[in-house]
Structures are given as C-alpha cells and as structure tokens.
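Numbering (the working numbering), first residue to last: 655 to 1130.
Below is one structure, written out as structure tokens, with a few remarks after it.
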Ligand code: P53
C-alpha cells in the first residue's frame, strides 16, 4: 500500500495574537486583537475604541506563550512535530505599522522562537498577517481602505523575509483572506482588514477594494521573497468551506456554483495572477473596485503564489431563493442545515469527506501543491484527575486524516503537510473564549481569564504522537 512521503510535514498551528500574550512587552504596539473583548457561542465579541478600563481582553495575556515558549516547544517536540505554524505579530516588528525601521526586540523574539524550534528539527511555517494589524494603522489610515497599506505590508514582509530567510522556508501572506465575504463579514472585515463599516456604507464594496489592495500587496511580497532568496516558498491562505447545493434542483446547483465563485475568487487571483472572468463581470456590473491601476495588474501577474495553504473545518449547504435571479450569495438567506451532518456546540458542521472534496476542487482548478494549515475541532474539555479524555477530538482528526490520505494516495494530490488547529489551547478568534478548545495540550485558564496557565497533555496528545511516529499509518 502506498504511504505518505517521509518528509510529510506533520505539525500543529496557532496564530501569534491568540496565544503569545505579552501584549505590551518588548516594545509591542497595540493590534486589532488587543481591542476585542471576550464573547461566547451566543454573544459576539465587541470591538472597543482603543483599550478601555475594566474590560476583558483575552488576547492581552492569552496563554502567555511569550514567557513559556521553551516549555511549549519542548512539548511539541515530544509529540514529534516536524513543523510548527505560527504568525509574526506585526506589532512586535512595527509597533505602529508605518515606521521605516523595525523594532529589534521584536525581531529578536522570533529569532529565539525559531531557533528553539530548529533545535528539535521543527520547521517554522509562518503567516505574515493573521488578524493582528497594528491598531495605529486603522486609526491613522483607515486600515486596508487605504492604498498606503500596501507599502507598510510589503516593508514588514521584506524585513521578515530578510531576517528569517535561513530559518523559515514556508510563508503565507494573508490568513483566510476570503473569509471577509460571506459569514459574519463585518467582523472579518475588521479582523482581516482593520475596517469598521460606517453606517449607510456598502460593506461589500469596501471589502472588494480592500481585498484588491491585499492581493496586490501579497503579490509584491511573493516577488520580493524570491528575489531575497530563491529557496523561499510563499503561499496564500484560503478558508475552504465547501458550499454544497441542498439537492439536485438546478437552481440550487447554480446557486452553489455562484456562491463558490464568490468565496474562492481570491484563490484564482493569488494563483493565476488574474481576476477570473466571473469576477470581472460582477465588479463591472456593481462598479465596486474603482481603484485598480495598470501597475496593480502587472504586480498580480508577477507575484503568483508557490503553494496553496488552506484551513478546513466544515462545509455549508445552501439553497436558492426565488427573489434572487442573479444568484448573489447571501449566507443569511441561502444557508440551510445539511440533513446528513451533525454540528458542534458552536454550530460548525462535521464533514470529513468535505476535506477531500475541497482538496479535489482546488486541485482541479489550480494544479499547485497544497498545505492543510488548519483543521480541528473546537470543544469544551473536562479535566479529571489531571487527565483529559478528548476522544471527540481524536475522532474528528482521525476521520479527517483518513480523507486527507485518500486525497493524496487515491486522488494524487501533492500535499506538503498537515498542521491541525491548534497545537495547544489558545484564545478562539471568533468568540474570544478559552473554553472553545482545539489543542493537544490543555492550558489551565477559563473564559474569565482565571487559571494557573499549567499545561497538561490530553489523550489526543499521545494519539497524535503515534500518528506522526507512524507517518499517518496508525490512526486507532
Ligand atoms: P475559532 C471562520 C470560519 C472558519 C475558520 O476559529 C475561521 C473563521 C474565522 O473565525 O478562522 C480560523 O477560533 C482562523 C483561526 C481560528 C480558527 O479558524 O473562531 O484562521 O485564527 O482560531 C478557529 O473557533
């Protein structure tokens, strides 16, 4: 029987703002994550005007990886991680975001972190922008509403590529660039692009213009990376949430197709360097992207990505409505329950086969190596005598690894690696909770911010260690 390549990158993933803490240490500036309060499954996080007194900002301390990194990386090594995906907090390197010179103390922190990984032969995999823009850039420039952001991002990327080129080979530019469309898009417009939608404003229009600037910034960063060091591999990062038609009614099939276009055109631009025809037609009809220059189009074409990084948690199912002959996807109107799938406490469906489907869908279009950089199950965990029996998490991951292997071994997809979310328990991006846990390692901290921060190995820790040791053969 064929098996995965020996150099398959098994690991785990996190993002700086969700686990580092140390929000004011080492000259770090305030990021968008630092002004978001804790929410819950039913209550959204609020975005406050700067840091206010007496509010619970879970990202300020998070799990304090900043002061625990040696201990935590040792645990990752114990599991046998071959790689570790994290992000570089932009505000550690450029506290305000528009400085010309980087903050040496911030750069030094990531040197130490990456060296600690490399000591155990763990390859760092790095995202440049993962929901942690400098807040100053939002106040002063309006975030990605502003074309100037391209220069600030590219400067940040250049500094990182130059500094860490011998420690980090695989990079990604913008985390889940496509989640600004569809589900909860105003929240994502803030976390991804630092944009607060004004009343009376067309959020969709703002999003398309901001996404254009981000795609141009990404393409310039990719081109620069290759000039700095030919060995660097820079990918995009797309949230793959397949949108299935509810049934075989042609209108529902067409609705799902148009919805997939609306959510995944970002990947077309990243990979081909061009806007796909359906998107050109849509933008023309709406008159949305008014600021697109000739140079932008050249940049997009010259900076196509080396691989396709993506997250996969769930699929969604949709149905057309009669009042929408042009099939403009609106998740609030079109999303329906999939009668075949169960959902988690947070309403996320569990659909292992959707992972294989998504990988095939990407592969049919793009013919690029892929990297599963997030996949996991958010759940409450119970500690009993210092043990955590999280078989629900093991089941979820096992089923997804089985489908991933089919995609590689039966469908022939070139897959670089698999970094489940999350290497260790961290603050949820969507809800700000600690109790929506994804980790192999439990962290003693609750939603009120109380706890000793002690680390405990869950059952899934020992299970995943065996999976890696056997290169994905032993999944029981
Ligand atoms: P949390 C939406 C849909 C799928 C994944 O999410 C998403 C989002 C946006 O919240 O985000 C990714 O923590 C993201 C991570 C995040 C993870 O999924 O809300 O890249 O930062 O933590 C899980 O449960």
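Note that CB positions come from ideal geometry on N, CA and C, so glycine has one too.
Which of the three DSSP states, helix, strand or coil, is assigned to residue i?
i	result
residue 780	strand
residue 801	coil
residue 915	helix
residue 908	helix
residue 741	strand
residue 1137	One cannot answer for residue 1137 here, as it falls past the ends of the chain, which runs 655 to 1130.
residue 1092	coil
residue 796	coil
residue 859	helix
residue 946	coil
residue 1109	strand
residue 1117	helix
residue 819	coil
residue 970	strand
residue 1024	strand
residue 873	helix
residue 810	helix
residue 700	coil
residue 677	coil
residue 894	coil
If you drop the 5 nearest sequence neighbours on each side, which residues of the same chain put their C-beta closer than 6 Å to that of residue i?
i	result
residue 1029	966, 1054 and 1074
residue 899	906, 907 and 910
residue 675	715, 716, 718 and 720
residue 913	897, 972 and 983
residue 989	970 and 972
residue 1048	1114 and 1117
residue 1119	733 and 734
So does residue i have its beta carbon nearer than 6 Å to some heavy atom of the ligand P53?
i	result
residue 1108	no
residue 698	no
residue 1032	yes
residue 848	no
residue 967	yes
residue 1084	yes
residue 879	no
residue 829	yes
residue 939	no
residue 893	yes
residue 1090	yes
residue 833	yes
residue 669	yes
Excluding the five sequence neighbours on either side, which residues of its own chain have a C-beta within less than 7 Å of the C-beta of residue i, listed in chain order?
i	result
residue 724	770
residue 1111	1095
residue 1134	Missing from the structure shown is residue 1134; the chain here goes from 655 to 1130 and no further.
residue 704	689
residue 995	1003, 1004 and 1005
residue 1090	1000, 1032 and 1082
residue 687	671, 713, 785 and 786
So, does the CB of residue i fall closer than 7 Å to a CB anywhere in chain B?
i	result
residue 967	Included in the structure is just one protein chain, with no chain B present.
Compute the Euclidean distance between the alpha carbons of residue i and residue j, then round it to the nearest angstrom.
i	j	result
residue 1059	residue 885	27 Å
residue 970	residue 759	43 Å
residue 943	residue 1032	36 Å
residue 869	residue 673	27 Å
residue 1097	residue 788	27 Å
residue 1099	residue 1040	14 Å
residue 805	residue 1003	39 Å
residue 919	residue 816	30 Å
residue 751	residue 1027	26 Å
residue 733	residue 1080	18 Å
residue 1046	residue 873	40 Å
residue 761	residue 1001	39 Å
residue 855	residue 840	11 Å
residue 878	residue 893	25 Å
residue 1036	residue 1008	29 Å
residue 757	residue 744	10 Å
residue 764	residue 976	53 Å
residue 930	residue 921	10 Å
residue 729	residue 819	25 Å
Leaving aside the five residues before and after residue i along the sequence, list all residues of the same chain whose C-beta is less than 8 Å from its C-beta, in chain order.
i	result
residue 1129	1052, 1055, 1056 and 1121
residue 998	1004, 1031, 1032 and 1033
residue 809	748 and 754
What do you reckon, is the C-beta of residue i under 6 Å from a heavy atom of the ligand ZN?
i	result
residue 840	Ligands in the displayed structure: the ligand P53; the ligand ZN is not one of them.
| said: Taking 8 Å as the cut-off, does the stretch 680-700 touch the stretch 1079-1094 (at least 3 CB pairs, one atom from each stretch)? | reply: With the cut-off at 8 Å, the stretch 1079-1094 and the stretch 680-700 touch.
| said: Taking contact to mean 3 or more Cβ pairs, one atom from each stretch, closer than 8 Å, check whether the stretch 732-741 and the stretch 767-784 are in contact. | reply: Cβ pair count under 8 Å is three or more, so yes.
| query | Does the stretch 844-853 come close enough to the stretch 789-808 to have 3 or more Cβ pairs within less than 8 Å? | reply | Yes, the stretch 844-853 is in contact with the stretch 789-808.
| Cβ pair count under 8 Å reaching 3, the stretch 655-666 against the stretch 1062-1076 | Flag = yes, the stretch 655-666 and the stretch 1062-1076 touch.
| message | Is it the case that the stretch 801-808 contacts the stretch 851-862, given that we only count it when at least three CB pairs across the two stretches are under 8 Å? | response | The stretch 851-862 vs the stretch 801-808: no contact.
| query | Between the stretch 930-944 and the stretch 1009-1020, are three or more C-beta pairs nearer than 8 Å? | reply | In this structure the stretch 930-944 does not touch the stretch 1009-1020; the number of beta carbon pairs closer than 8 Å is below three.
| task | Specify whether the stretch 819-827 and the stretch 872-886 touch according to this definition: at least 3 beta carbon pairs, one from each stretch, less than 8 Å apart. | result | These segments touch.
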